[in-house]
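Reading through the structure tokens given below for one structure.
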């Protein structure tokens, strides 16, 4: 395994972490509707619970499972990025599994946004991850 491949894997870990932070921040803003952004961040780990506010009550079990896995990924990604883990060279299989979980997490946000657009609520812009052309629109 060459250095380039290892670097790309660490970049993928960082990307997944940022995507989790994006969803948790957006969920917080959509559920709580604060007048201004918080001055102190409680971290994505704590804000992930707000994803529950984006779905119907019948889906809570499914969402809680994805939140739990996302919190695990968030913690492990921190360990990897800060060198506190023996998993410094995360395998492509692990990264594929993490990608699947984060995509499911993002799906809850996307579904909420789609429902809100149909309901005709006013919109706020949710910043897009790096590399995407524009942000998504979500209900305010």
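Numbering (the numbering used here), first residue to last: 70 to 209. The beta-carbon is built from N, C-alpha and C at its ideal position, and this holds for glycine as well. This structure is a prediction, so every number in the text was calculated from the model and none was measured.
Out of curiosity, what's the CA-to-CA distance linking residue i and residue j?
i: residue 176; j: residue 153; result: 30 Å
i: residue 202; j: residue 158; result: Low local confidence applies: a pLDDT of 46 at residue 202 is under 50, so the model's placement there is unreliable, with the coordinate-based value given in what follows. Each residue's Cα considered, the two are about 30 Å apart.
i: residue 127; j: residue 73; result: 44 Å
i: residue 94; j: residue 84; result: 15 Å
Would residue i be called buried (16 or more neighbouring beta carbons within 10 Å of its own) or exposed?
i: residue 194; result: Caution applies to residue 194, whose pLDDT of 48 falls short of 50 and renders its modelled position unreliable; the model cannot decide the point.
i: residue 162; result: exposed
i: residue 160; result: exposed
i: residue 132; result: buried
i: residue 75; result: exposed
i: residue 207; result: The pLDDT assigned to residue 207 is 44, lower than 50, so where the model puts this residue is not dependable, and the model offers no usable value.
Short check: CB of residue i to CB of residue j, under 8 Å?
i: residue 100; j: residue 146; result: no
i: residue 89; j: residue 171; result: yes
i: residue 117; j: residue 136; result: yes
i: residue 114; j: residue 140; result: yes
i: residue 92; j: residue 150; result: no
If you pair each beta-carbon of the region 167-184 with each one of the region 116-125, do three or more pairs fall below 8 Å? yes
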